[in-house]
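Peer 1: Protein chains in written order, with this note's numbering: chain A, 3 to 118; chain B, 6 to 120.
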Amino acid sequence: DQQVKQNSPSLSVQEGRISILNCDYTNSMFDYFLWYKKYPAEGPTFLISISSIKDKNEDGRFTVFLNKSAKHLSLHIVPSQPGDSAVYFCAASGWYSGAGSYQLTFGKGTKLSVIP
Amino acid sequence: EPEVTQTPSHQVTQMGQEVILRCVPISNHLYFYWYRQILGQKVEFLVSFYNNEISEKSEIFDDQFSVERPDGSNFTLKIRSTKLEDSAMYFCASSEGDRLNTEAFFGQGTRLTVV
């Protein structure tokens, strides 16, 4: 049961253009969403997050949009740079049991290739 | 910049053997986690740990798995009797808090190969 879905396994974008990575979720208990970037042989690195009370969060070249009614979020990278080439994971968390844990549910990832 | 460190980077073990994966979380963090990623699949939650006890665990985290914080700095994952399907990248993570505005910082991972 995929609660967090990234339906595009890969994406290629020309340098300088916009990259749009999409993510859908099914669990309405999720209330905090994050994007992680992962290079080969490294662990996931936090990129940007958004709370469910917002619909947009911006940090430099990275903007995350949240559409709660559609249970959809997207990450926009503008302008895309070759160094952005990595696997991007969408992750979500929610108050599962009141136990005070921060369990992240990850999507399968989208491999972004930015072509110079 | 503070970081989560994991050792070893690669561990090869025979099926049925015990392995211990080690992690040093970021020093002022209070919440600790283990995740794993089987090759080609998504990153999966295993367990979270707070105040010297497990706060949450997934179905994957069965009786073969255990976690421990033996001293003030290390956080370990033990697999008692490894199976072939335990082969994966294991990521340790830590966070300052458990909820909003705190993100988990991940280590670089330990690649476990069970032969």
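Virtual Cβ for every residue (Gly too), placed ideally from N, Cα, C.
Since we're looking at a predicted model, the values are computed, not measured.
Checking contacts by CB at 9 Å: is V29 (chain B) closer than that to chain A?
Peer 2: As a working note, residue 29 (chain B) is residue 24 in the second sequence. Taking Cβ atoms only, chain A never reaches closer than 9 Å to V29 (chain B), which makes this a no.
Peer 1: Relative to the alpha-carbon of S82 (chain A), which residue among A:S21, A:K110 and A:I55 has its alpha-carbon at the smallest distance?
Peer 2: Residue mapping note: residue 82 (chain A) aligns to position 80 of the first sequence, counting from 1. Answer by Cα proximity: A:S21.
Peer 1: Quick check on DSSP: helix, strand or coil for G96 (chain A)?
Peer 2: Here residue 96 (chain A) corresponds to residue number 94 of the first sequence, with the count starting at 1. The answer is strand: DSSP assigns G96 (chain A) an E or B state.
Peer 1: To the nearest angstrom, how far is it from the Cα of Y41 (chain A) to the Cα of L13 (chain A)?
Peer 2: Here residue 41 (chain A) refers to the residue found at position 39 when the first sequence is read from its first residue. Here residue 13 (chain A) refers to the residue found at position 11 when the first sequence is read from its first residue. One C-alpha to the other measures close to 15 Å.
Peer 1: Given a limit of 8 Å on CB to CB distance, which residues of the segment 51-62 of chain B reach chain A?
Peer 2: Flagged, chain order: S53, Y55, S60 and E61.
Peer 1: Using 10 angstroms around the beta-carbon of M31 (chain A), count the other beta-carbons present and answer buried if the total reaches 16, otherwise exposed.
Peer 2: Numbered from its first residue, the first sequence carries residue 31 (chain A) at position 29. Exposed, since its Cβ has fewer than 16 Cβ neighbours within 10 Å.
Peer 1: With L26 (chain B) and Q11 (chain B) assumed to form a contact (beta carbons below 8 Å), what rounded beta-carbon distance in angstroms separates them?
Peer 2: Taking the second sequence and counting its residues from 1, the one referred to as residue 26 (chain B) is at position 21. Taking the second sequence and counting its residues from 1, the one referred to as residue 11 (chain B) is at position 6. Their Cβ separation, rounded to whole angstroms, is 7 Å, which keeps L26 (chain B) and Q11 (chain B) in contact under 8 Å.
Peer 1: Go through its chain and collect everything with a Cβ distance to S10 (chain A)'s Cβ below 8 Å, but skip five positions before and after it.
Peer 2: Looking up residue 10 (chain A) in the first sequence gives position 8. Same-chain partners within the cutoff: L23, N24 and T112.
Peer 1: Using beta carbons (cut-off 9 Å, strictly below), is E44 (chain A) in contact with chain B?
Peer 2: Here the question's residue 44 (chain A) lines up with position 42 in the first sequence. So, interface residue.
Peer 1: Whole angstroms are fine: how far does the CA of E101 (chain B) sit from the CA of R74 (chain B)?
Peer 2: Within the second sequence, numbered from 1, the residue matching residue 74 (chain B) stands at position 69. Within the second sequence, numbered from 1, the residue matching residue 101 (chain B) stands at position 96. C-alpha separation (whole angstroms): 16 Å.
Peer 1: With 7 Å as the C-beta to C-beta threshold (strictly closer), list the residues of the segment 5-39 of chain A near chain B in chain order.
Peer 2: Correct list: Y34 and L36.
Peer 1: Note down, in chain order, every chain A residue with its Cβ under 9 Å from the Cβ of Q113 (chain B).
Peer 2: Within the second sequence, the letter at position 108 stands for residue 113 (chain B). Near Q113 (chain B) (Cβ distances below 9 Å), the residues of chain A are A43, E44 and G45.
Peer 1: Who does I25 (chain B) pair with in a DSSP beta bridge?
Peer 2: Here residue 25 (chain B) corresponds to residue number 20 of the second sequence, with the count starting at 1. DSSP, once it has assigned bridges, lists B:K83 as partnering I25 (chain B).
Peer 1: Among all the DSSP beta bridges, which residues are the ones paired with E58 (chain B)?
Peer 2: Reading the second sequence from its first residue, position 53 is the one you call residue 58 (chain B). Answer is B:Y55, bridged to E58 (chain B).
Peer 1: According to DSSP, simplified to helix, strand and coil, what is D67 (chain B)?
Peer 2: As a first step, residue 67 (chain B) must be located in the second sequence, where it is residue number 62. Correct three-state label for D67 (chain B): coil.
Peer 1: Round the Cβ separation of V50 (chain B) and S63 (chain B) to the nearest angstrom and send it over; I've been treating them as touching at under 8 Å.
Peer 2: On the second sequence, position 45 is the one that residue 50 (chain B) refers to. On the second sequence, position 58 is the one that residue 63 (chain B) refers to. It should be noted that the sequence gives Phe, not Val, for residue 50 (chain B). That belief holds up - the Cβ atoms of F50 (chain B) and S63 (chain B) are roughly 5 Å apart, short of 8 Å.
Peer 1: Quick one: which chain A residues come within Cβ less than 7 Å of V17 (chain B)?
Peer 2: Counting from 1 along the second sequence, the entry for residue 17 (chain B) is found at position 12. Within chain A, no residue comes near V17 (chain B); the closest Cβ sits about 16 Å away, beyond 7 Å.
Peer 1: What residues in the segment 32-48 of chain B have a beta carbon less than 8 Å from any beta carbon of chain A?
Peer 2: Here the close residues are Y36, Y38, Y40, Q46, K47 and V48.
Peer 1: Considering only the alpha carbon of each residue, which of B:E6, B:P7 and B:V24 lies closest to V120 (chain B)?
Peer 2: As a working mapping, residue 120 (chain B) is identified with position 115 in the second sequence. Nearest option by C-alpha distance: B:V24.
Peer 1: Taking the beta strand (DSSP E) that N24 (chain A) belongs to, which residues open and close that run?
Peer 2: Here residue 24 (chain A) is taken as the residue at index 22 of the first sequence, counted from 1. Start and end: S21 to Y27.
Peer 1: Run through chain B and tell me which residues come within less than 9 Å of T65 (chain A), C-beta to C-beta.
Peer 2: Residue mapping note: residue 65 (chain A) aligns to position 63 of the first sequence, counting from 1. Residues of chain B passing the Cβ test: none, with the nearest at roughly 17 Å.
Peer 1: Go ahead and label I55 (chain A) buried or exposed: buried means 16 or more other beta carbons lie within 10 angstroms of its beta carbon, across all protein chains shown.
Peer 2: By 1-based counting over the first sequence, the position of residue 55 (chain A) is 53. Burial call: exposed.
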